[in-house]
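Enquirer:
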Amino acid sequence: LSLSFRLFGNILADELVVVVLVSLVPLVIPIPVMFLGLFTSGIQALIFATLAAAYIGESMEGHH
């Protein structure tokens, strides 16, 4: 559950930064920032999946 909240907070913060930058400089900044957002979202998803797999693996070891 805490991993889900952490992932949600990181993605929400990234989107808020993009919205602020797009509203301030509507022509130049948005495209690179959107690519950066895609990259950071991919990294966050990878970390989430890795940590979730580690937690599930640890919980399964106790049952063997």
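In the working numbering, each residue carries its 1-based index in the sequence shown increased by 956.
All C-beta atoms, glycine included, are put in the ideal place defined by N, C-alpha and C.
(1) Tell me the residue span of the alpha helix (DSSP H) that contains residue 988.
(2) Going by CA-CA distance only, name the one from 1008, 1016 and 989 that's closest to residue 973.
(3) Hey, does residue 975 have any beta-carbon neighbour from chain D nearer than 8 Å?
(4) Identify the continuous alpha helix (DSSP H) that holds residue 981 and give its terminal residues.
Expert: The answer reads as follows:
(1) Numbered from 1 along the sequence shown, position 32 holds the residue referred to as residue 988. Counting along the chain, the alpha helix (DSSP H) containing residue 988 begins and ends at 986 to 1017.
(2) Start at 1 with the first residue of the sequence shown, and residue 973 comes out as number 17. Answer by Cα proximity: 989.
(3) Note that chain D does not occur in the displayed structure, where there is just one protein chain.
(4) One-based indexing of the sequence shown puts residue 981 at position 25. Run containing residue 981: none; DSSP gives neither H nor E here.
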